[in-house]
Amino acid sequence: MKVFVAGATGVLGHRLVRRLADRGHRVVGSVRDEVGEVAVRAAGGEPRRANLFDVDSLARAAEGADIVIRAATKIPTKLRTSRRHWAENDRIRIEGTRSLTEATARVGAKAYIQEGIVWAVRNPDGSPFDEGAPPAPDPILASAVESERIARVAGSRYGFAAGTLRCGGFYAADGWHTRVMGEALLRRRPAMIRAASPTWSFIHADDVAGAFVAVAEAPRSGVWHVVDDRPVALAEFLGGLANRLGAPVPRQMPPWLARLALGRYTSELLRTSFVTSNARFRRDFGWRPQYPTFEQGLDDVVATWKAEGFPRRKV
Ligand SMILES: NC(=O)c1ccc[n+]([C@@H]2O[C@H](COP(=O)([O-])OP(=O)(O)OC[C@H]3O[C@@H](n4cnc5c(N)ncnc54)[C@H](OP(=O)(O)O)[C@@H]3O)[C@@H](O)[C@H]2O)c1
90 MKVFVAGATG VLGHRLVRRL ADRGHRVVGS VRDEVGEVAV RAAGGEPRRA NLFDVDSLAR
150 AAEGADIVIR AATKIPTKLR TSRRHWAEND RIRIEGTRSL TEATARVGAK AYIQEGIVWA
210 VRNPDGSPFD EGAPPAPDPI LASAVESERI ARVAGSRYGF AAGTLRCGGF YAADGWHTRV
270 MGEALLRRRP AMIRAASPTW SFIHADDVAG AFVAVAEAPR SGVWHVVDDR PVALAEFLGG
330 LANRLGAPVP RQMPPWLARL ALGRYTSELL RTSFVTSNAR FRRDFGWRPQ YPTFEQGLDD
390 VVATWKAEGF PRRKV
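Letter 305 of the sequence shown, counting from 1, is numbered 394 in our numbering, and no numbers are missing.
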């Protein structure tokens with residue numbers, strides 16, 4: 090099977106290229122520069138230059154593909170963000186999804202699969218939710234919901250399977266957000282908000298890649314939540330990370346300071362619970378996470394960091 094991966098160099102993308110190639114599939118990864126070409130080759134894929142916003146270049150790069158995947162995102166690598174920091178991510182999720190689904194139709198692929206996020210939907214009262222929950226009232230999440238609609242409509246118009254894997258809070262040794270958390274804990278910077286105790290559904294990035302492979306090998310249309318087996322209080326997750334790093338108990342900051350230092354979006358996220366389950370995904374694909382809880386996942390993250398000499402203790 091030939092698979093085209095847009096965003097092949099990312100935290101998710103490079104894992105996906107490697108897993109698909111290891112399973113004997115031919116993988117073409119879209120890249121934007123030479124560094125990307127080297128990374129895709131190293132993961133076992135064939136790099137192709139393509140512009141995510143240009144259907145012709147995508148269709149040329151994806152020629153002959155059976156499956157087209159969007160793993161590209163531009164999640165800001167800063168904590169205090171405003172709307173403008175999310176503009177490129179919105180563009181990728183909306184215009185990028187339009188051009189990729191158009192390219193999927195042009196090359197005659199049988200399926201288009203893309204990333205999404207579980208907290209783009211949720212129950213207003215913060216209770217556990219499933220795939221049928223309503224969209225969250227947050228402007229930076231609207232493009233994730235819109236990308237699902239674009240994919241669904243294109244799939245029915247052109248006759249290919251269109252799937253969205255809404256990922257839980259994903260973490261990985263090479264994930265920017267995970268590294269920032271580790272550094273904050275070691276440097277005794279506050280990482281939680283006082284009097285807020287959100288519970289999150291997490292997922293290790295390796296398991297996200299495994300989930301994409303499961304859909305690529307047995308494609309169907311739908312939306313699924315890809316999370317691990319046990320939602321966990323953010324305090325427990327951070328406490329577990331601190332413990333493995335030999336860092337002190339995570340510090341908290343008052344809400345006013347969080348708003349000032351982290352801005353509206355990050356401080357709201359740190360107060361919001363998103364608790365969901367992988368039941369539908371397990372049922373439909375027979376998938377099981379390799380890291381069923383954050384405990385196994387963080388063991389892996391911290392072991393990888395220690396082997397790399399990261400994070401350094403010195404400020
Ligand atoms: N995606 C999610 O659902 C999700 C959920 C929770 C947490 N996170 C966190 O978010 C971070 C991002 O992970 P990720 O794998 O989604 O992203 P990532 O590692 O930032 O990779 C993004 C990919 O998209 C590509 N890309 C970015 N802008 C592009 C553009 N304009 N045109 C074409 N390609 C473009 C990048 O290519 P270049 O190499 O050329 O830049 C790269 O291949 C991680 O720290 C992860 O832990 C993500």
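The beta-carbon is built from N, C-alpha and C at its ideal position, and this holds for glycine as well.
By how many angstroms is the C-alpha of Val269 removed from the C-alpha of Val404? Confidence at Val404 is low in this model, with a pLDDT of 39, below 50, so the placement of that residue is unreliable and no value is reported for it.
Are Trp313 and Glu220 closer than 8 angstroms when you measure CB to CB? yes
Quick check: Ala347 and Leu334, are their CB atoms within less than 8 angstroms of each other? The Cβ atoms of Ala347 and Leu334 lie no closer than 8 angstroms to each other.
Please report how far the alpha carbon of Val196 lies from the alpha carbon of Ser216, in whole angstroms. 42 angstroms
Taking DSSP's pairing of strands, which residues face Lys91 in a bridge? Arg115
Following a CB-centred definition, is Lys91 positioned closer than 7 angstroms to any heavy atom of ligand 1? no
In terms of residue numbering, what span does the alpha helix (DSSP H) encompassing Glu204 cover? Unbroken run through Glu204 is the beta strand (DSSP E), 200-206; no alpha helix (DSSP H).
Just list the residues that DSSP pairs Val210 with in beta bridges. Pro224
Below 7 angstroms, is the gap between the Cβ of Tyr260 and the nearest heavy atom of ligand 1? It does: the Cβ of Tyr260 is within 7 angstroms (strictly closer) of some heavy atom of ligand 1.
Just mark Gly113 as buried or exposed, buried being the case when its beta carbon has 16 or more other beta carbons within 10 Å. exposed
Arg333: CB within 7 angstroms of a non-hydrogen atom of ligand 1: In this structure, Arg333 has its beta carbon at no less than 7 angstroms from each heavy atom of ligand 1.
Contact between the region 148-156 and the region 164-184: three or more CB pairs below 8 angstroms? no
Please identify the residue among Ile164, Ile183, Ile292, Ala97 whose C-alpha is closest to the C-alpha of Arg377. A check of alpha carbon separations from Arg377 across Ile164, Ile183, Ile292, Ala97 identifies Ile292 as the nearest.
Val144 beta carbon less than 8 angstroms from that of Pro136: no
Where does Asp214 land, buried or exposed, given buried means 16+ other C-beta within 10 angstroms? exposed
Cβ-heavy atom distance, Trp394 to ligand 1, below 7 angstroms: Because no heavy atom of ligand 1 lies under 7 angstroms away, the Cβ of Trp394 does not count as near it: no.
Among Gly375, Ala350, Arg241, Trp345, which residue has its Cα nearest to the Cα of Phe301? Of the candidates Gly375, Ala350, Arg241, Trp345, the one whose C-alpha sits nearest the C-alpha of Phe301 is Gly375.
Using CA coordinates, which residue listed in Val210, Arg211, Thr186, Asn212 is at the minimum distance from Ile202? Thr186
Sequence-distant residues of its chain with Cβ nearer than 7 angstroms to Gly271 (five each side left out): Leu330, Leu334, Trp394, Pro400
Could you work out which residue in Met90, Leu349, Pro320 is closest to Ala200 when comparing CA atoms only? Met90
Which whole-angstrom value is the C-beta distance of Ser232 and Arg182, which I expect to be below 8 angstroms? About 4 angstroms separates the Cβ atoms of Ser232 and Arg182, confirming a contact at the 8 angstroms cut-off.
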